[in-house]
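What follows is a set of notes on a single structure, which appears directly below.
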Amino acid sequence: MKVAIEGMHCQGCVQRVRKALEKVEGVSVNDVQVGSAEVTTDASHEGAVIEAVTKIGFEARKSE
0 MKVAIEGMHC QGCVQRVRKA LEKVEGVSVN DVQVGSAEVT TDASHEGAVI
50 EAVTKIGFEA RKSE
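Residue numbers (numbering that gives the first Met the number 0): 0 to 63.
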């Protein structure tokens, strides 16, 4: 699953997002870069991924 993330500006933001995603049960973080993240999960965890990112102050949506 790829996630588009708005509001990330630096490596500090990348680390915050990575830490938030690593706490989501059933999700493996593959890559986090400024503006996006790629995680491995099934469809049942999709909402939890988006919620984890928005809880720390960024906008997130599933990316194609």
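Ideal placement from N, C-alpha and C gives every residue a C-beta, glycine not left out.
Source: prediction; values computed, not measured.
DSSP three-state assignment for residue i, whether helix, strand or coil
| i | result |
| --- | --- |
| K18 | helix |
| I49 | helix |
| V13 | helix |
CB contact flag (residue i, residue j, <8 Å)
| i | j | result |
| --- | --- | --- |
| I4 | A36 | yes |
| H26 | V48 | Note that residue 26 is Val in the sequence shown here, rather than His. Yes; because the gap between Cβ atoms is below 8 Å, this pair is in contact. |
| M7 | V38 | no |
| K61 | V2 | yes |
Supposed close pair residue i, residue j - CB separation, criterion 8 Å
| i | j | result |
| --- | --- | --- |
| V16 | V52 | 6 Å |
Bounding residues of the beta strand (DSSP E) (the contiguous stretch that carries residue i)
| i | result |
| --- | --- |
| E63 | Looking at the DSSP string, E63 is not in any beta strand (DSSP E), and its letter there is neither H nor E. |
| D30 | S27 to Q32 |
| S35 | S35 to T39 |
| E5 | K1 to E5 |
Outcome for residue i when other beta-carbon atoms lying within 10 angstroms are tallied against a minimum of 16
| i | result |
| --- | --- |
| V33 | exposed |
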